[in-house]
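Reading through the structure tokens given below for one structure.
And the structure:
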């Protein structure tokens with residue numbers, strides 16, 4: 001593993017189903033983030049974590065949950081998917097919260113039907 | 114609250130011509146500023162950043178940006194673009210206060226380099 005990996009690469013999901021997007025980093029970064037990218041809206045922060053064991057809500061947290069059991073992993077769960085959650089999801093990490101650059105994963109393209 | 118405005122959603126430019134992508138921010142405190150690039154079907158990667166010091170910042174691939182505090186701008190420039198510069202560019206800002214620093218991204222500018 002080098003940098004940040006995300007899985008799956010893409011997924012088609014029926015509405016109402018539960019889905020977990022996986023994110024793993026090997027850079028020992030303290031901070032991790034989940035964004036969604038939608039046409040015309042840019043990147044919007046869903047949830048973040050400053051360090052293992054802590055999480056916080058971003059700009060658009062409704063319908064999503066996260067956990068940070070260890071430094072490397074930061075899964076994003078959609079408890080009951082809805083079509084408005086169709087988007088491209090990016091995980092990112094940084095060594096210091098905020099002022100350091102963020103390193104991004106390749107993204108997960110999620111379609112909810 | 115901080116915010117970022119990218120004034121142009123799309124910028125077409127001929128190969129070898131210069132380009133400027135505009136970014137204005139709003140913040141009541143000191144800021145850190147970033148430009149990221151996203152190539153098709155990839156995640157974002159850092160082009161350059163301004164934290165402090167010289168207001169002219171040089172980044173990768175020949176790009177540079179100038180921080181202008183009085184105009185609250187951080188425009189990205191390149192004197193001669195190449196086909197490979199076709200991508201989407203995001204300006205981002207974070208405020209220089211204590212604790213967790215939320216990063217706000219602009220909506221992006223798509224640069225299309227025309228051969």
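Chains as they are written, first to last, in this note's numbering: chain A, 1 to 113; chain B, 114 to 228.
Built from N, CA and C at the ideal position, the CB exists for glycine as well.
Output, in chain order, the set of chain B residues within a Cβ distance shorter than 7 Å of residue 83(A).
Per Cβ cutoff of 7 Å: no residues; residue 83(A) is ~22 Å from chain B at best.
Taking CB distances under 8 Å as the criterion, tell me whether residue 221(B) reaches chain E.
The structure shown has no chain E; the protein chains it does contain are A and B.
At a CB distance below 7 Å, what residues from the stretch 131-156 of chain B approach chain A? Give them in sequence order.
Those would be 145, 147, 155, 156, in chain order.
Between residue 203(B) and residue 149(B), how many whole angstroms is the CB-CB distance? I'm expecting something under 8 Å.
The pair is a contact, with the Cβ atoms about 5 Å apart (cut-off 8 Å).
Using CA coordinates, which residue listed in 193(B), 186(B), 215(B) is at the minimum distance from residue 119(B)?
For the residues 193(B), 186(B), 215(B), the minimum Cα distance to residue 119(B) belongs to 186(B).
Using CA atoms only, rank isn't needed, just tell me which of 160(B), 137(B), 177(B) is closest to residue 183(B).
Selected option, being the one with the closest Cα: 137(B).
Taking residue 20(A) and residue 83(A) to be in contact with their CB atoms under 8 Å, please state how far apart those CB atoms are, rounded to whole angstroms.
Not confirmed; about 18 Å, so no contact.
Relative to the C-alpha of residue 32(A), which candidate in 63(A), 100(A), 51(A), 14(A) has its C-alpha closest?
Comparing Cα positions, the closest option is 51(A).
Quick one: which chain B residues come within Cβ less than 7 Å of residue 25(A)?
What residue 25(A) touches in chain B: nothing, since even the nearest Cβ is about 12 Å away.
Counting pairs of beta carbons, one from the stretch 33-45 of chain A and one from the stretch 214-225 of chain B, are three or more of them closer than 8 Å?
Verdict: yes, contact present.
Can you give me the start and stop residues for the beta strand (DSSP E) that residue 125(B) sits inside?
First-last of the beta strand (DSSP E) with residue 125(B): 123-127.
Anything in chain A within Cβ reach of residue 218(B), meaning under 7 Å, just list it in chain order.
What residue 218(B) touches in chain A: 42, 43.
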